[in-house]
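With the sequence shown counted from 1, adding 2 to any position gets you our numbering. Every residue gets a Cβ at the ideal spot worked out from N, C-alpha and C, and that includes glycine.
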Amino acid sequence: MYMTVPETAVFLSMPEEQVNRYVLEGRIRAVHDGEQYLINTSQFESHFKQLEIAKLELEEWRATPIPDDIDIKDED
Numbered sequence: 003m004y005m006t007v008p009e010t011a012v013f014l015s016m017p018e019e020q021v022n023r024y025v026l027e028g029r030i031r032a033v034h035d036g037e038q039y040l041i042n043t044s045q046f047e048s049h050f051k052q053l054e055i056a057k058l059e060l061e062e063w064r065a066t067p068i069p070d071d072i073d074i075k076d077e078d
């Protein structure tokens, strides 16, 4: 599915100027139809998958209890 720059900015929760800059820099692939840039949203699927994996790993890390320190039990 193709979206315009303003629609993509809403989709990615980013400012429109930043999306436009990424298109011009080539960081976001787009097609220029003579009037506007059209962006294929399928290029963001792997990005969103990686974000979900990172969120799950962060939650797993936060849920891991801190091990007891060995030096605390050693009272001579």
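Hey, could you find the ends of the beta strand (DSSP E) Thr6 is sitting in?
-> Here the beta strand (DSSP E) through Thr6 covers 4-6.
Between Gly68 and Leu53, what straight-line distance do the alpha-carbon atoms span, to the nearest angstrom?
-> It should be noted that the sequence gives Ile, not Gly, for residue 68. Those two C-alpha atoms are separated by around 25 Å.
Less than 8 Å separating the beta-carbons of Ile30 and Tyr4?
-> no
DSSP state of Ile55 mapped onto helix, strand, coil | helix
The alpha helix (DSSP H) with Glu27 in it runs from where to where?
-> Unbroken alpha helix (DSSP H) run through Glu27: 18-27.
Strand pairing of Ile41, partner residues [DSSP] = Met5
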